[in-house]
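Scroll down for the structure; my scribbles are underneath it.
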Amino acid sequence: MRLLVVEDEPDMRSAIVQALGEAGFAVDEASDGDSGCFKAVAWEYDAIVLDLMLPKRSGWELLAELRKSKTTPVLILTARDAVLDRVRGLDGGADDYLVKPFSLVELIARLRALIRRAAGHAQSTIEIGDVIVDLVGGTVTKAGEPAALTAREFSLVELLALHRGKLVSRSMIYDHLFGEDDDTLSNLIDVHVSHVRKKLGADFIETRRGQGYIVNG
Amino acid sequence: MAKSLRWRLQVWHASILAIVVIGLGTAFYLLLERATLSEIDSELLLDARAIEGVLRGPPPRGDGPRDAFPPPDVSLLPPRPRVRDRFNFDPWRPLPPPPDQRFDRDRDRDRDRELRPLPPRDPSGEPNVQPYLVIFAGDGVLLREEPIDTGVAFREMSRPLEYRNRALSREVWLRAPRGQIVVVGRDIQCQMDRLAGWRWQLGASGLAILGLGLLGGWVLADRAIRPVRAISQTASDVSAANLSARIDSSSMDEELKGLADILNTMLSRLEASFTQQTRFTADASHELRTPIAVLLSHCELALGRTRTPEEYQRTLVTCQHAGRRMKTLVEDLLILARADAGKLELSRQPCDLQRLAADAAAMLGPLAAQRGVTIECIGDAAPLDGDDQRLSQVIVNLLSNAIEYNRTGGAVTLRTSLEPGAAMLSVRDTGCGIAGESVPHLFDRFYRVDEARSRQIGGSGLGLAICQSIVEAHGGTLDVTSEVNVGSEFVMRIPTGLATEK
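Heads up: the sequence lines are chains A and B, in that order.
Be aware that the first sequence starts at 182, since it is given in the working numbering, and climbs by one per residue.
Be aware that the second sequence starts at 859, since it is given in the working numbering, and climbs by one per residue.
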């Protein structure tokens, strides 16, 4: 899952980016409203963490600009706790609102929930055959046995599971799995797919040659 | 109810109206009565004078009866023949023998007190307008009575002419040349009846006017109170949460419009003050939450799993940074809070702005060198009584701003001088300048011209506000002039004579 963090305070940003990275997200960052807006519109993010008090362009302006073209889930993360600010943020098209200081665990849980809801899943687990993907715990079990997936592999399974029954292109996988700072080659996707097949069964991921991958069932 | 302005207005109005109506009615009635009586009086007097004229004949001849009615002198006859017509009085008629009604003081004293009855009234009720005439000799002997039985008793007169009311008749008493007393009177029931009628009419119309006036007053009071009610209604709608309500003064009268405008101005000021306060609180909370959030996030992150010593060290450095930021912010806020409460303690002692400027320049020399900015100190000594630490804080703040927002290779000029009554310090830079629209907000708390750049530099946005508070605590002024891309100049003036004034 690929996220964008727009936050002008460097220390704050580094903590969020590191925490999200460790939670298995691919994370892009932006330090002001303009670059944040540019990235948010240019890329398909699964969710955006947005500060409100930003240089150059405020979070509200960014949100208004983004909503003209995209429905990407947005979580506002700000030190402004006035009710009016919350209302303004949520009415402006934000999907969630978290006030600083916050718990990183809560931020991650809220982001997961946002992504799940955006994909149309209200529950936190997805069952595909005998494979159960626990989106909250970040674990996968096959026939009751926990499968030992790496963070990247889990992200791949999560992405495919959230789009089950739908074709997921290689570029989409690439966009969602790797942040802008990843220099990973695109053929690494094949490596991750083969690893997942080894752990969850060869027929778990179906290949549509030249198009992408799909999870059925 | 008794406290109600409307009631008080009404009571006052009613009282004044009642006094006016009663006064006017009474005055009118009295004037009317006087006019009526004076008309009658002048008529009676005319008759009396005519009689007097007749009596002013030659004195009685020889030893004729005393006070006998003298034969008239034809030449002295009144020009008007009315007397004869009106009184059946014929001067040519021979004088009747004097009746034996000599005035006896002993006998008549009591009778004089209670006047003898008037002639009987006409039983038909028709007022008797025919005047009656009585003539007494000087010593009270009844000389003549027309018509007979008027019942007028002799009495001493204090003045040559007297009027008096007797029941329903009016009399005029006149002293004739030879001591005789002429009494002419007439029934005035008709006039009195008419006056009584007027009394009733005046009373009734007075009541009607009073009633109408009260009704009108009630309506007027209502109308006068209505805008006040509107004002109080609006005022009661205004609360701390909603200060945007304003009193609509467009349709109000001048006086109330003034009041409404004053209230509106007050509300505007209140709203501005509240907005400012709210924004300040929001800003302060934002500024405090951010380092706390940084601190907590990094701790949470570091504690989330086992980290390398380097990672722990980095986390601690970040936390220290955040902690320092909070410390600075809290200290700044405390200074401002003290200044707001007027409790900014100044330990005044003789100091010199020139020396403080030189100290600040020396202290910030390394920073200036790092930014490639030169600092120049010029001017004369500017001694004053002030808190040198606080003033130094101001100078350092202004100077570091001038360095931070300068261009590379730029210059900062610190100039000091002693002006009449004030020590002056100016800090001029050759930086980017400040846009005109930002200048009025420069001393606002948490105001930053360039958010991103200030963050980078690490300012809390309170520096200039604190400078201003310190300067104002010294009774001085801090002004700024700026031109974009040319530079800014901050000028501080502090009165030198404050210490001697104490």
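Note that beta-carbon positions come from the ideal geometry of N, C-alpha and C, so glycine has one too.
query                                                                                                                            : result
Candidates Val-198(A), Tyr-355(A) and Asp-213(A): closest to Gly-393(A) by CA position                                           : Tyr-355(A)
Three-state secondary structure assigned by DSSP to Ser-1284(B)                                                                  : strand
Beta strand (DSSP E) segment containing Phe-1348(B), residue limits                                                              : 1345 to 1353
Own chain residues within Cβ distance below 8 Å of Leu-1128(B), not counting five before or after                                : Leu-1101
Exposure of Gly-399(A), with buried meaning 16 or more beta-carbon neighbours within 10 Å                                        : The displayed coordinates of chain A run from 182 to 398. Any statement about residue 399(A) would go beyond what the structure contains.
Neighbour flag for Phe-335(A) against chain B, beta carbons, 8 Å                                                                 : no
Contact set for Thr-1271(B): own chain, Cβ-Cβ below 6 Å, skip 5 residues either direction                                        : Glu-1234 and Arg-1286
Cutoff 8 Å; reference Leu-1300(B); Cβ partners in own chain excluding five residues on either side                               : Ile-1292, Val-1307, Leu-1322 and Val-1338
Cβ-based contacts, 8 Å cut-off: residues of the stretch 1165 to 1198 of chain B near chain A                                     : Thr-1176, His-1179 and Ala-1180
Which of helix, strand or coil DSSP assigns to Leu-1114(B)                                                                       : helix
Endpoints, beta strand (DSSP E) assigned at Trp-851(B)                                                                           : A query on residue 851(B) cannot be resolved here, the shown segment of chain B reaching from 859 to 1360 and no further.
Given 8 Å, three or more beta-carbon pairs between the stretch 1065 to 1081 of chain B and the stretch 884 to 902 of chain B     : no
Element boundaries [beta strand (DSSP E), containing Asp-1045(B)]                                                                : 1039 to 1045
Gln-1207(B), DSSP secondary structure in three states                                                                            : strand
Val-1086(B) to Leu-882(B) span [Cα, whole Å]                                                                                     : 34 Å
Cα-Cα separation, Ile-386(A) to Pro-254(A)                                                                                       : 27 Å
Residue environment, Gly-1244(B), which counts as buried when at least 16 other CB atoms sit within 10 Å                         : buried
Neighbouring residues, chain B, relative to Ala-196(A) (Cβ below 7 Å)                                                            : Val-1152, Ser-1155, His-1156 and Leu-1159
Presumed contact (8 Å Cβ cut-off) between Arg-1429(B) and Gly-1237(B), rounded CB distance                                       : In this structure chain B extends from 859 to 1360, so residue 1429(B) is not present and cannot be described.
Within chain B, the residues that Leu-285(A) reaches when beta carbons sit closer than 9 Å                                       : Leu-1154, Ser-1155, Glu-1158, Leu-1159 and Gly-1162
The stretch 227 to 238 of chain A in contact with the stretch 292 to 304 of chain A per 3-pair CB rule at 8 Å                    : yes
Neighbourhood of Leu-340(A) by C-beta distance below 6 Å, restricted to the same chain and skipping five residues each side      : His-357
C-beta neighbour in chain A for Arg-1147(B), strict 8 Å                                                                          : yes
Closer than 7 Å at the beta carbon, the chain A residues around His-1144(B)                                                      : Met-234, Ala-260 and Arg-261
Ser-1327(B) versus Val-1344(B): straight-line alpha-carbon distance, rounded                                                     : 27 Å
Closer than 8 Å to chain A by CB, Ala-1216(B)                                                                                    : no
Three-state class that DSSP yields for Ile-877(B) in the structure shown                                                         : helix
Minimum Cβ-Cβ distance from Ala-1103(B) to chain A less than 8 Å                                                                 : no
Below-8 Å beta-carbon distance, Ala-1140(B) vs any chain A residue                                                               : yes
Lys-323(A) - containing beta strand (DSSP E), residue span                                                                       : 320 to 323
Under 8 Å between C-beta atoms of His-1144(B) and Ala-211(A)                                                                     : no
Trp-1031(B) burial status per 10 Å Cβ neighbour count (16 or more: buried)                                                       : buried
Closest Cα partner of Cys-1048(B) within the set Ala-1025(B), Gly-1037(B) and Leu-1125(B)                                        : Ala-1025(B)
Cβ-Cβ separation, Glu-1169(B) to Ala-1160(B) (assumed contact under 8 Å), whole Å                                                : 7 Å
Contact set between the stretch 271 to 283 of chain A and chain B, restricted to residues whose Cβ is under 7 Å from the partner : Lys-281, Pro-282 and Phe-283
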